[in-house]
Amino acid sequence: MLSWESLYSTKVGGVAPHVSEISEALARRGHEVHVFTRRGDFGSYDEINGVHYQRVDSDPSGDILAQMDRMSDAIFDRFWHVQKLFGKFDVVHGHDWHPVTALNKIKSAYRIPYVITLHSTEWGRCGNNFSTDYIPREIAHREWLAGYESAMVITTTQRMKDELMMLYQIPPEKIEIIPNGLVIGSFRRAVDPGRVKERHGIHPLAPVVLFCGRMNYQKGPCILVEAMPSILARHWDAKFVFIGDGEMRSECERRARELGVEGSCIFLGYIPSNVKEEWMNACDMVCLPSRNEPFGIVVLEGWDAGKPVIATEAVSIIKNFEDGLLAYIQPESIAWCINRLLDDPEEMERLGRAGRERLEREFTWDEIARETEVVYKRVLDKGG
1 MLSWESLYST KVGGVAPHVS EISEALARRG HEVHVFTRRG DFGSYDEING VHYQRVDSDP
61 SGDILAQMDR MSDAIFDRFW HVQKLFGKFD VVHGHDWHPV TALNKIKSAY RIPYVITLHS
121 TEWGRCGNNF STDYIPREIA HREWLAGYES AMVITTTQRM KDELMMLYQI PPEKIEIIPN
181 GLVIGSFRRA VDPGRVKERH GIHPLAPVVL FCGRMNYQKG PCILVEAMPS ILARHWDAKF
241 VFIGDGEMRS ECERRARELG VEGSCIFLGY IPSNVKEEWM NACDMVCLPS RNEPFGIVVL
301 EGWDAGKPVI ATEAVSIIKN FEDGLLAYIQ PESIAWCINR LLDDPEEMER LGRAGRERLE
361 REFTWDEIAR ETEVVYKRVL DKGG
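If you count by the working numbering, then the sequence shown holds residues 1 to 384, one letter each, in order.
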């Protein structure tokens, strides 16, 4: 397993828990799993929860491309030594564009096929736009190269599969959809919602809509802000809590003042994980107004807490009206969905319960490990 981050090395974002959790689940199923990643503040080697962590030093100077090239060189060197000690690997599995240089060097030197999981694309991270700047273009090239050189591509949703086929002309039969996962119960907490609300100046009985994510164009927090007047016109006591930070936070705060709704929203910025978990259980619903969403892990977090989730059509894991509500990427549509649930507490409870049940059926790490095994077997059966 090759990744620029994990839970037990340098941790950057959502790829870190994915890499560590899938590795542990595969180890529980009897596989020997080694994670090659950056060292960060950890030692060069540990065995944690049955997974071997092979960490390399990585110079953080220069741009992200230079950093990842040095990381890939260090991983390639470490790979040779690890194979001497543990024996030859059967398959290599990389995550996102960061280790692509190492993956291709390993493929060439040792004739070991590799699988690549593309969690997102540079096009999506740039707001569904093709950037003309050098670094985004080179990152996109490395994503294309991974799609071309890999034996199989894994991505998390049908929408992401369509995006990869559109951007990089990857054949559909080469892409397998395996969703992200969550440790069941990791967000469910016994909290007093009223007390959590009161600590932040909100009436304990006021309904709260929660946004949780980066405050950037891709995640669409401004769309929720624009929807607020239409919601408050019908539900004057509704409150909106925004967790996360980013370049759009100041713009969202300014727009809330212009719309006269600043008294109904709270921008908390980055907060400790325990406070985030409190809000996930204290809120009445979770909203993902995303313009582009490769997966939407916040959906699983909301479901784990038993909350109904409203998202845009960019979030393809929700089954509309079965375990959540899907809106168009428009403030009016978001407002319609939120008003619908605020008007119908029984519907809120039903959707939250349905989401929790689906989480337990489809999104456990053991199930995801089983599906990943099928991909590995397919790669090995056809000889890479």
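Note that beta-carbon positions come from the ideal geometry of N, C-alpha and C, so glycine has one too.
Residue span of the beta strand (DSSP E) that contains residue i, given as start and end
i	result
His-34	33–38
Phe-240	239–243
Asp-46	45–48
Tyr-53	51–56
Tyr-110	From DSSP, Tyr-110 is part of no beta strand (DSSP E) but of the alpha helix (DSSP H) over 100–110.
Nearest to residue i (by Cα), restricted to the options the options
i	options	result
Leu-359	Arg-142, Ser-273 and Val-309	Val-309
Ile-22	Trp-336, Asp-323, Ala-314 and Asn-180	Asn-180
Lys-307	Asn-320, Cys-287 and Lys-319	Cys-287
Pro-113	Glu-277, His-95 and Ser-150	Ser-150
Asp-343	Phe-363, Glu-163, Pro-207 and Gln-330	Pro-207
Ile-106	Ser-72, Leu-85 and Gly-50	Ser-72
Val-15	Asp-245, Val-82 and Asp-96	Asp-96
Gly-30	Phe-36, Ile-338, Asn-49 and Asp-237	Asn-49
Ala-314	Glu-332, Phe-295 and Pro-331	Phe-295
Gly-263	Met-228, Met-285 and Gly-269	Met-228
Trp-303	Arg-361, Ile-271, Pro-136 and Asn-129	Arg-361
Lys-239	Arg-188, Ile-178 and Met-285	Met-285
Ile-334	Asn-128, Glu-346, Ser-290 and Leu-300	Ser-290
Val-51	Ile-154, Phe-267 and His-34	His-34
Leu-232	Glu-253, Val-209, Gly-213 and Met-348	Val-209
Glu-278	Cys-265, Ile-202 and Asp-192	Asp-192
Lys-276	Ile-318, Phe-187 and Glu-346	Phe-187
Phe-76	Met-1, Ala-282, Ser-120 and Glu-301	Met-1
Gln-83	Glu-32, Arg-257, Asp-162 and Gly-43	Glu-32
Met-348	Tyr-134, Glu-332 and Cys-283	Cys-283
Pro-136	Tyr-148, Thr-121 and Gly-147	Thr-121
Euclidean distance between Cα positions of residue i and residue j
i	j	result
Trp-385	Asp-90	The question about residue 385 has no answer, for the chain in this structure spans 1 to 384.
Trp-336	Arg-199	29 Å
Phe-173	Glu-251	Before going further, note that residue 173 is Glu rather than Phe in the sequence given. Roughly 43 Å separates the two Cα atoms.
Arg-255	Tyr-110	56 Å
Val-115	Met-160	16 Å
Gly-386	Met-280	Missing from the structure shown is residue 386; the chain here goes from 1 to 384 and no further.
Thr-132	Leu-65	16 Å
Thr-10	Lys-197	34 Å
Ala-74	Pro-60	13 Å
Leu-224	Asp-237	16 Å
Asn-320	Ala-311	10 Å
Glu-176	Lys-382	16 Å
Asp-63	Val-12	16 Å
Phe-363	Asn-104	30 Å
Arg-38	Thr-101	15 Å
Val-374	Lys-219	32 Å
Ser-316	Met-165	16 Å
Glu-226	His-235	15 Å
Asp-245	Tyr-270	6 Å
Val-386	Thr-156	With the chain running from 1 to 384 in the structure shown, residue 386 is simply not present.
Asp-41	Arg-340	48 Å
Leu-118	Ala-190	35 Å
Cys-265	Gly-185	28 Å
Ile-178	Pro-204	40 Å
Ser-44	Gly-213	32 Å
Arg-257	Ser-273	28 Å
Glu-332	Ile-338	10 Å
Own chain, CB closer than 7 Å to residue i, minus 5 neighbours either side, in chain order
i	result
Glu-322	Ala-354
Met-248	Met-215, Asn-216, Tyr-217, Pro-221 and Cys-222
Glu-138	Leu-65
Gln-169	none
Asp-46	Tyr-8 and Tyr-53
Val-261	Met-228, Pro-229 and Leu-232
Arg-70	Ser-58 and Asp-59
Leu-268	Val-241, Phe-242 and Ile-243
Residues near residue i by beta carbon distance below 6 Å, same chain, minus five either side
i	result
Ala-25	Trp-365, Asp-366 and Ala-369
Tyr-376	Val-91
Met-68	His-98
Arg-356	Trp-303 and Gly-306
Asn-292	Gly-124, Asn-128, Gln-218 and Ala-314
Phe-211	Pro-221, Leu-224, Phe-242 and Cys-287
Gly-147	Val-153, Tyr-168 and Ile-170
Chain-order list of residues whose beta-carbon lies under 8 Å from that of residue i (same chain, five-residue window excluded)
i	result
Lys-297	Here the sequence assigns Ile to residue 297, which means Lys is not the residue at that position. So the list reads Gly-14, Asn-180 and Leu-182, once near-sequence residues are dropped.
Lys-88	Tyr-110 and Ile-112
Continuous alpha helix (DSSP H) stretch holding residue i: start and end
i	result
Ala-16	15–28
Cys-252	249–259
Ile-334	331–343
Thr-372	365–381
Met-228	221–232
Ala-282	273–282
beta-carbon residue i near the ligand SAH non-hydrogen atom, thresh 6 Å
i	result
Val-15	Among the components modelled here there is no ligand, and therefore nothing to report on the ligand SAH.
Given 8 Å, three or more beta-carbon pairs between the stretch 127–145 and the stretch 320–339: Taking 8 Å as the limit for Cβ pairs, the verdict is that the stretch 320–339 does not touch the stretch 127–145.
Stretch-stretch touch, CB-based, cutoff 8 Å, three pairs: the stretch 345–354 with the stretch 1–9: Touching, no, given that fewer than three Cβ pairs across the two stretches are closer than 8 Å.
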